[in-house]
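First comes the structure, then the notes that go with it.
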Amino acid sequence: RNLAATLPDLERHVFGVLDVALLQYDVFVHAMLVTSEPVGAPGGGAMLDAPAWVRAANGTVSTPLDPYSLVLLRPCVFEVEDQELARAAIERRQAALGKQMPDLWHDNYRSMRNYLVALHSLGRLADLVRAREASALGGLVYDAVLVLRADTVFLCPVDLPTRLPTILADEAARAAAPRHGAAPVLGRDGRRVWVRSSGSVSAGIVAVPLWGRWGGTNDRFAFGGGSAVLDGY
4 RNLAATLPDL
14 ERHVFGVLDV
24 ALLQYDVFVH
34 AMLVTSEPVG
44 APGGGAMLDA
54 PAWVRAANGT
64 VSTPLDPYSL
74 VLLRPCVFEV
84 EDQELARAAI
94 ERRQAALGKQ
104 MPDLWHDNYR
114 SMRNYLVALH
124 SLGRLADLVR
134 AREASALGGL
144 VYDAVLVLRA
154 DTVFLCPVDL
164 PTRLPTILAD
174 EAARAAAPRH
184 GAAPVLGRDG
194 RRVWVRSSGS
204 VSAGIVAVPL
214 WGRWGGTNDR
224 FAFGGGSAVL
234 DGY
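If you're matching positions, the sequence shown starts at 4 in the numbering used here and goes up one per residue.
In structure tokens:
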């Protein structure tokens, strides 16, 4: 993805909004290693799958990308993985669990593989945040977490600052008492989380845009309380 094309809007509508609200924040980045990004394809279709544009057998035009452009986001912590190695590891894990991936998008599993990589990236991002909290002297807990993809163009300011009081009140209420029908268990980071009898985490408030709900799935933009996003999203 070309961060140079989206950074001005990120600075204006995300980081700038947080700065004006005088909110202190840290930036974490998990990135998949790629070397070029298609800008067009015959018939107008976007070629997003790495093997298709690496081979370039169909004449797809690509633009060079700087793999180190993520430093423009000024992250306090970042991690870069090779996308193809990540895909292979995910498929091995699915096979070991005996789980057959459904071809939900009916495109020979291409979108499903990309979707699982996106979930893997979100999980690694949460691990980075939790590790930062655990390693901070004197203890550190993030009140809220905002997740975005750097290839998304933001056309209006994010409203996290205006929604923050509601988010913090919800986090405090969830920390004080379990929800009805829930039982306490330890999360993967050793924290106590509340699990409903159905086995799903009681996730609290996580806000996603109207255009990005996709049946309850979104990997482009979301924000909410720290534990709600890290444990539930």
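Think of the CB as a built atom: it goes at the ideal place given N, C-alpha and C, for glycine as much as any other residue.
*Would you mind sorting alanine 231 into buried or exposed? The rule is 16 or more other CB atoms within 10 Å of its CB.*
buried
*Just how far apart, CA to CA, sit phenylalanine 81 and aspartate 69?*
15 Å
_Which of the three DSSP states is assigned to phenylalanine 81 in this structure?_
strand
_On the DSSP bridge list, what partners appear for alanine 147?_
Gly228
*Relative to the C-alpha of glycine 228, which residue among Asn111, Val17, Asp146 is closest?*
Asp146
*Who are the near neighbours of cysteine 79 in its chain, counting only those whose CB is closer than 8 Å to its CB and skipping five residues on each side?*
Asp29, Val30, Phe31, Arg135
*Excluding sequence positions up to five away, which residues of its chain have a Cβ less than 8 Å from the Cβ of leucine 13?*
Leu76, Leu151, Ala153, Phe157
*Using the Cα positions of glycine 235 and glutamine 27, report the straight-line distance between them to the nearest angstrom.*
23 Å
_Closest residue to alanine 89 among Ala7, Leu10, Asn117, Pro212 (Cα-Cα distance)_ = Asn117
*Leaving out five residues on either side along the sequence, give the residues of the same chain with a beta carbon under 6 Å from the beta carbon of leucine 21.*
Tyr28
_Suppose only complete runs of 4+ residues qualify. What are the alpha helix (DSSP H) ranges in the region 87-155, listed by chain order?_
113-138
*Can you tell which of Ala176, Val161, Val17 has the C-alpha that lies nearest to the C-alpha of alanine 210?*
Val161
*Hey, how far is the Cα of leucine 73 from the Cα of leucine 10?*
10 Å
_Residues near tyrosine 112 in its chain [Cβ-Cβ closer than 7 Å; skip 5 each side]_ = Met104, Asp106
_Contact set for leucine 171: own chain, Cβ-Cβ below 8 Å, skip 5 residues either direction_ = Asp146, Ala147, Gly228
*For histidine 33 versus serine 138, is the C-beta distance shorter than 8 Å?*
no
*Relative to the alpha-carbon of proline 212, which residue among Asp173, Leu233, Thr155 has its alpha-carbon at the smallest distance?*
Thr155
*Check the DSSP bridge columns for histidine 33 and list the partner residues they point to.*
Glu82
*Quick one: what's got a C-beta closer than 7 Å to histidine 16's C-beta in the same chain, skipping five residues either side?*
Phe157, Cys159, Pro160, Val161
*In terms of residue numbering, what span does the alpha helix (DSSP H) encompassing alanine 7 cover?*
6-13
*asked:* glutamate 84 and leucine 119 - do their beta-carbons sit closer together than 8 Å?
replied: no
*Can you tell which of Val144, Leu163, Leu6, Arg95 has its C-alpha closest to the C-alpha of tyrosine 71?*
Leu6
*Work out the CA separation of phenylalanine 18 and leucine 128 for me, nearest whole Å.*
18 Å
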